Structure formats: structure tokens, C-alpha cells
Amino acid sequence: MFFIDYFLYLLYASRPDRQIPDMRVRRRDEAVEWLKEIQAGKVDPSLPTIDTELTTDVNNPFKWGSNKRVNTSW
0 MFFIDYFLYL LYASRPDRQI PDMRVRRRDE AVEWLKEIQA GKVDPSLPTI
50 DTELTTDVNN PFKWGSNKRV NTSW
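Here numbering that gives the first Met the number 0 is used: the first residue of the sequence shown is 0, the next is one more, and so on.
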């Protein structure tokens with residue numbers, strides 16, 4: 000949810016009149032504080048980990064290729 004709050008703040012900030020609601024500023028500040036706590040190691044974000052058994056290359060999460068070709072002509 001913090002990422003959405005930060006994104007919405009940036010969306011409001013890109014408007015020409017730059018009228019950002021106070022709630023957006025407050026929630027952006029909370030999101031930045033949460034990210035700083037993660038950086039300091041005070042908070043565990045509990046993000047999902049990469050399953051290394053299913054992928055051959057941990058740095059590449061995409062699977063290239065396709066299924067085997069099926070000949071359906073009768």
C-alpha cells in the first residue's frame with residue numbers, strides 16, 4: 000500500500016497546479032519513513048522470495064521459449 004501512496008503523491012505532484020491534498024503528503028511521508036526503516040533493518044517487509052528450484056537463473060525471472068509444436072492435421 001505504501002507504494003501506491005507514493006505513486007499517487009507523484010501523480011498529484013505532476014499536475015500543473017501542484018495542488019496536493021494534505022492526506023497525500025502525509026501518506027507519502029509515512030511511506031518514505033517505512034522505506035527508511037526497511038533500509039535500516041528495523042522492519043521486515045515480508046516480500047515473497049524467488050523460488051530457485053523453479054528457475055534456472057535467479058537473476059532472470061522470465062522463461063524464454065514455447066511449448067512443443069503440435070501437428071493437428073488429419
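In this text, a Cβ means the ideal position worked out from N, Cα and C, and glycines have one as well.
Quantities reported herein were computed from a predicted structural model and do not represent experimental measurements.
Query                                                                                                                       : Result
Use the C-beta contact count for A30: other C-beta atoms within 10 angstroms, 16 or more gives buried, fewer gives exposed. : buried
How many angstroms separate the CA atom of V12 from the CA atom of M22?                                                     : Per the sequence shown, residue 12 should be read as Ala rather than Val. Between A12 and M22, the C-alpha separation is close to 13 Å.
Note down the Cα distance separating R14 from S45, rounded to an integer number of angstroms.                               : 34 Å
Give the DSSP-derived three-state secondary structure of L9 in the structure shown.                                         : helix
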